[in-house]
Amino acid sequence: MIEHQPAPDAIVVGGGIIGCTLAYELQKRKINTLLLEHGKIGREASWATAGIMGPPSAAGLPLHRAALAEISHKLFPALLESVEEDGGVPSSYLPIGKVLIARTEDEVELAQAQINWQINHGIDATWIEPDEVRQLEPMIPHDILGAFYSADGGTLTGHRWTESVAAAFQAIGGQIRERCPAVSILTDGERVTGVDTPDGPISTRTVVLSAGAWTRFLGPAIERSLPLIPFKGQMIGVLPESAADRPRHVIGKITGGYLVPRIDGSVAVGASLEDIGFDKRVTAFGLEYAMELMQSLGPGLRNAEVVSTWAGLRPGTADDTPLMGPVPGYDGLWVSTGHHRTGIQLAPGSAVLVADAIATGKPDELLEHFSLERFS
Ligand SMILES: Cc1cc2nc3c(=O)[nH]c(=O)nc-3n(C[C@H](O)[C@H](O)[C@H](O)COP(=O)(O)OP(=O)(O)OC[C@H]3O[C@@H](n4cnc5c(N)ncnc54)[C@H](O)[C@@H]3O)c2cc1C
1 MIEHQPAPDA IVVGGGIIGC TLAYELQKRK INTLLLEHGK IGREASWATA
51 GIMGPPSAAG LPLHRAALAE ISHKLFPALL ESVEEDGGVP SSYLPIGKVL
101 IARTEDEVEL AQAQINWQIN HGIDATWIEP DEVRQLEPMI PHDILGAFYS
151 ADGGTLTGHR WTESVAAAFQ AIGGQIRERC PAVSILTDGE RVTGVDTPDG
201 PISTRTVVLS AGAWTRFLGP AIERSLPLIP FKGQMIGVLP ESAADRPRHV
251 IGKITGGYLV PRIDGSVAVG ASLEDIGFDK RVTAFGLEYA MELMQSLGPG
301 LRNAEVVSTW AGLRPGTADD TPLMGPVPGY DGLWVSTGHH RTGIQLAPGS
351 AVLVADAIAT GKPDELLEHF SLERFS
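Encoded structure:
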């Protein structure tokens, strides 16, 4: 038996950005929280991430997903400030905006739709002609028709940001146990009573499952399907020869694929999207994908040194919508995961919605759209 005196009010399972931000929001609400992490904080998808932050940009996004993205975007500046103030660990945030290029008429149409959508939602975005694009980003090739430009948003280095949030959580009284996986959820009838770990059981009355793609392995213990799908993403990190060769913004294709400047001076390039199970190998396919992207967006980087390669598993769902809210049939059991390609972006709003629901016992209506019940 692990001694926690007093027993935590809540246990969050999983120390990625979703679990850490939620734990921090619970602790802010005076719910004494213990975070259990299988390995080390922020070393899975939240480490592998490109870390692009910003407002929702996809026209045609279902309303509930756009609402979650808008809430998150609005909450992010205050979260950034409180995390740095509480924990004292710099966030790694670069507020550099983004330039997304269009090369075909279809891509121009897509860019215009995204710009109109953003403007209608009060978000800054504009179309820029090729000359202006090259003034902003001289490295972009000439064969473009123009670009979507937004000064809003930027990038975070995933593991640094996750560690900053974890530090803030601890600074206000939260507890973290690394290398301590949840192996089972303990229940008494329909009531949650704790979490079992290799070090012994820990009592609590509220448990939130935020173990990313691995959340699905906790399903059998509670006789529920937690249908997470691991979507592999591969990236490479390059170090430009000089600061002049470094992108000034996130540069991307309007259809996806990015060059992402990071606070350490490197540029992350990617990412692939592969549905091949729990496979984190860096493969020839992943490297080829990143090289083609670099050639297409910033051929001037071809002399940059390749300093790292990596792969991570995004927690996806069949309808590309996160799973958030109470687990049906249990009192005190919650889930918050499945944020797939935008978990860094969506963490602020997801954490506040779930923490408020746990603190008040009254889930916001928006959470209904993210309920696990849609898969039952
Ligand atoms: C290549 C790539 C690029 C991306 N780019 C972006 C982007 O630009 N912008 C964006 O917003 N998002 C992006 N994403 C998505 C984003 O990174 C993820 O949605 C987000 O990191 C998911 O966070 P998480 O906390 O749910 O999962 P994870 O970060 O995977 O964390 C889950 C944690 O749970 C732990 N765990 C597992 N099982 C257990 C257990 N039984 N007990 C305890 N702990 C357990 C794991 O060790 C892990 O630390 C990208 C992802 C990838 C892979």
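For the sequence shown, position 125 (counting from the first letter as 1) is numbered 125 according to this note's numbering, and the numbering increases by one without interruption. Cβ coordinates follow ideal geometry from the N, Cα and C atoms, glycine included. Everything numeric in this text was worked out from a predicted model, so none of it was measured.
Query, Result
"Rounding to the nearest angstrom, what Cα-Cα distance links L323 and L372 in this structure?", "6 Å"
"Please determine whether the Cβ atom of E44 lies at a distance below 7 Å from any heavy atom of ligand 1.", "yes"
"Taking the DSSP output, what are the residues bridged to K388?", "Nothing can be reported for residue 388: it is not among the residues displayed for the chain, which extend from 1 to 376."
"So, for R103: in the same chain, excluding its five sequence neighbours on each side, which residues have a beta-carbon less than 7 Å away from its beta-carbon?", "D143, I144 and L145"
"Can you give me the Cβ contacts of P90 inside the same chain, cut-off strictly under 8 Å, excluding the 5 residues immediately before and after it?", "E84, R160 and S164"
"For D86, collect the residues of the same chain with a Cβ closer than 7 Å to its Cβ; drop the 5 residues on either side in sequence, then sort them by chain order.", "A168, A171 and I172"
"If we count the other Cβ atoms within 10 Å of its Cβ and call it buried at 16 or more, is I119 buried or exposed?", "exposed"
"Which residues in the same chain as A388 place their Cβ atom closer than 6 Å to its Cβ, once the five residues preceding and following it in sequence are excluded?", "Shown here, the chain extends from 1 to 376; a query on residue 388 therefore has no answer."
"Which first and last residues belong to the alpha helix (DSSP H) in which L333 is found?", "Segment L333 to T337 is the beta strand (DSSP E) holding L333; no alpha helix (DSSP H) there."
"Verify the contact flag: H159, CB atom, against every heavy atom of ligand 1, threshold strictly below 7 Å.", "no"
"Enumerate in chain order the residues of its own chain whose CB-to-CB distance from R302 is below 8 Å, with the five nearest sequence positions on each side excluded.", "M294 and Q295"
"What three-state label does DSSP hand S242 in the structure shown?", "coil"
"Extract the residue ranges of the alpha helix (DSSP H) inside the stretch 102 to 160, only unbroken runs of 4 or more that lie entirely within it.", "105 to 120 and 130 to 136"
"Do F231 and E292 have their beta-carbon atoms positioned less than 8 Å apart in this structure?", "no"
"Considering only C-alpha positions, which residue in the set L367, F148 and D152 is nearest to W127?", "F148"
"Quick check: is any heavy atom of ligand 1 less than 7 Å from the C-beta of P56?", "no"
"Identify which residue in G60, T157, W117 and S225 has its Cα closest to the Cα of R374.", "S225"
"Compute the distance between the beta-carbons of T49 and I276, then report whether it is under 8 Å.", "no"
"Give every residue of the same chain whose Cβ lies closer than 7 Å to the Cβ of P141, excluding the five residues on either side of it in the sequence, and list them in chain order.", "P299"
"Suppose contacts are defined by Cβ-Cβ distances below 8 Å. Is G51 in contact with G15 by that definition?", "no"
"Pull up the distance between the alpha-carbon of D44 and that of I11, whole angstroms please.", "One point to set straight first is that residue 44 is Glu, not Asp, in the sequence displayed. Going from the Cα of E44 to the Cα of I11 covers about 19 Å."
"Identify the residues that DSSP records as bridge partners of S308: which are they?", "G237"
"Between which two residues does the beta strand (DSSP E) containing D188 stretch?", "S184 to D188"
"Provide the residue span of the alpha helix (DSSP H) that contains L297, from first to last.", "A284 to L297"
"How many whole angstroms separate the CB atoms of L353 and D364, which I take to be in contact at a CB cut-off of 8 Å?", "6 Å"
"Is it the case that the Cβ atoms of I71 and V250 are separated by a distance below 8 Å?", "no"
"Cβ of L36 versus every heavy atom of ligand 1: is any distance shorter than 7 Å?", "yes"
"Tell me whether the stretch 211 to 228 and the stretch 180 to 193 touch, counting them as touching only if at least three CB pairs, one residue from each stretch, are closer than 8 Å.", "yes"
"Can you find a heavy atom of ligand 1 that lies under 7 Å from the Cβ of G361?", "no"
"Which term fits P348, buried or exposed, when burial requires 16 or more other beta carbons within 10 angstroms of its beta carbon?", "buried"
"Would you mind giving the Cβ-Cβ distance between D106 and D124, rounded to the nearest angstrom? I have them listed as a contact below 8 Å.", "D106 to D124, Cβ: 24 Å. No contact."
"Give a single yes or no on whether C180 has its beta carbon closer than 7 Å to a heavy atom of ligand 2.", "Ligands present in the displayed structure are limited to ligand 1, and ligand 2 is not among them."
"Kindly identify the DSSP beta-bridge partner or partners of E274.", "K232"
"I'd like the span of the beta strand (DSSP E) that includes Y258, first residue to last.", "Y258 to P261"
"Can you tell me where the beta strand (DSSP E) holding V89 begins and where it ends?", "Run containing V89: none; DSSP gives neither H nor E here."
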